[in-house]
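Notes for the one structure printed next.
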Amino acid sequence: ASAVPQARKASLARFLEKRKERVMNS
Amino acid sequence: PSTSLFNQETLQQRLQTLIEGARESWTYAIYWQSSVVDFSGASTLGWGDGYYKGEEDKGKRKTASSQSAAEQEHRKKVLRELNSLISGSSASADDAVDEEVTDTEWFFLVSMTQSFVNGSGLPGQAFNSVPIWVTGKERLAGSSCERARQGQVFGLQTMVCIPSASGVVELGSTELIFQNSDLVNKVRVLFNFNN
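Chains as they are written, first to last, in our numbering: chain A, 54 to 79; chain B, 161 to 355.
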């Protein structure tokens, strides 16, 4: 049952990081 | 077991390979992970991982002007909170957080909170079944699946759910993309963990 929250947190961290890079590049 | 071969890291690489290698321009890819929740064998599809690419044609992007300032402010506030949750610090000098949050980014984030019990929604209908491919705003808006209707509101024109061994791969695009077996076969290869 804890797998989904961990997966969400990992995906969220990756999304925010990539978004930061995208914004800086643009 | 096959699940040990299939872990979070390879899942992200598979989703990225699927999107970046596709001929069509997909906005995002999500893997809905299946899990059995109770003794009756009822299964749930929950967030496994996702890869957000965004819209290729920036000009066509539904910009903040098409949403109220209040909606955009709400999205930025949520992003700030999520950022501090992840970074663990309240103050974050992160310009990206004040950048406009597009509709498809918001839809992708909201997707992380969703799950589908016992065959509900497009992902649920596709699981243990056949791929579901919905192309066109009207079809999405008229779908019995709330997620499909929501996706259309946020600018999607195509949504696809393809079953795999232990879950469902979903792709969405702001473009009109018609069904093709190439993508379905790619998913079967990339996400078939049995062999």
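Every residue, glycine too, gets a C-beta built ideally from N, C-alpha and C. Being a predicted model, the structure only gives us computed values, none of them experimental.
Check: Does the contact criterion of 3 or more C-beta pairs under 8 Å hold for the stretch 338 to 346 of chain B versus the stretch 288 to 299 of chain B?; Outcome: yes
Check: I want to check one thing, is the minimum distance from the CB of residue 228 (chain B) to the heavy atoms of the ligand GTP below 6 Å?; Outcome: Ligands in the displayed structure: none, and consequently the ligand GTP is not present.
Check: With 8 Å as the C-beta to C-beta threshold (strictly closer), list the residues of the stretch 199 to 218 of chain B near chain A in chain order.; Outcome: 206, 207, 208, 209, 210, 212 and 214
Check: If the criterion is Cβ atoms closer than 7 Å, does the pair residue 305 (chain B) and residue 279 (chain B) meet it?; Outcome: no
Check: Since residue 246 (chain B) meets chain C, which of its residues come closer than 8 Å, beta carbon to beta carbon?; Outcome: Absent here is chain C; the protein component of the structure consists of chains A and B.
Check: Sort out for me which residues DSSP pairs residue 319 (chain B) with in a bridge.; Outcome: B:294 and B:332
Check: If distances are taken between C-alpha atoms only, which option among B:187, B:206 and B:185 comes closest to residue 195 (chain B)?; Outcome: B:206
Check: Shorter than 7 Å from the beta carbon of residue 288 (chain B) to some beta carbon of chain A?; Outcome: no
Check: Sorted by chain position, which residues of the same chain lie with C-beta nearer than 6 Å to residue 189 (chain B)'s C-beta, five sequence neighbours on each side aside?; Outcome: 175, 178, 179, 211 and 331
Check: Need the endpoints of the alpha helix (DSSP H) that residue 285 (chain B) sits in, please.; Outcome: 281 to 286
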